[in-house]
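K.L.:
I have a structure here, written as structure tokens, and I will follow up with some questions on it.
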Amino acid sequence: MNDVWKPADPEKLLTPTEVAAIFRVDPKTVTRWAQAGKLSSIRTLGGHRRYRQNEVERLKANQEEAAG
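According to our numbering, the residues represented by the sequence shown are 1134 to 1201, in order.
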């Protein structure tokens, strides 16, 4: 038997460049959104920002819905 414990897949984190590509904006715009509280970010040990994929997708869906 192979009873190796496997943790649940960790939540996918995106870089500012990946988020910027989704929204078609500059990565610095994504950083400004995080500073303004529009999008929450996580800091890596190296100080880089990462964004939760599910939150990014939710924001994108809300933007598209508002644009109608």
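No residue lacks a Cβ here, since even glycine has one placed at the ideal position from N, Cα and C.
In angstroms with no decimal places, state the Cα-to-Cα distance between K1161 and T1150.
P.N.:
For K1161 and T1150, the distance between alpha carbons rounds to 9 Å.
K.L.:
Grab the span of the alpha helix (DSSP H) containing R1191 for me, first residue to last.
P.N.:
Counting along the chain, the alpha helix (DSSP H) containing R1191 begins and ends at 1186-1200.
K.L.:
Quick check on R1182: does DSSP put it in helix, strand or coil?
P.N.:
Strand, per DSSP.
K.L.:
Would L1147 pass as a contact of Q1186 if the rule is Cβ separation under 7 Å?
P.N.:
In this structure, Q1186 lies closer than 7 Å to L1147 by Cβ.
K.L.:
L1178: buried (16+ other C-beta within 10 angstroms of its C-beta) or exposed?
P.N.:
With fewer than 16 other Cβ atoms within 10 Å, it is exposed.
K.L.:
Do I1175 and R1183 have their C-beta atoms closer together than 7 Å?
P.N.:
Yes. Within cutoff.
K.L.:
Can you find a C-beta in chain D that's less than 7 Å from the C-beta of T1148?
P.N.:
Given the protein chain composition of this structure (a single chain), no chain D is represented.
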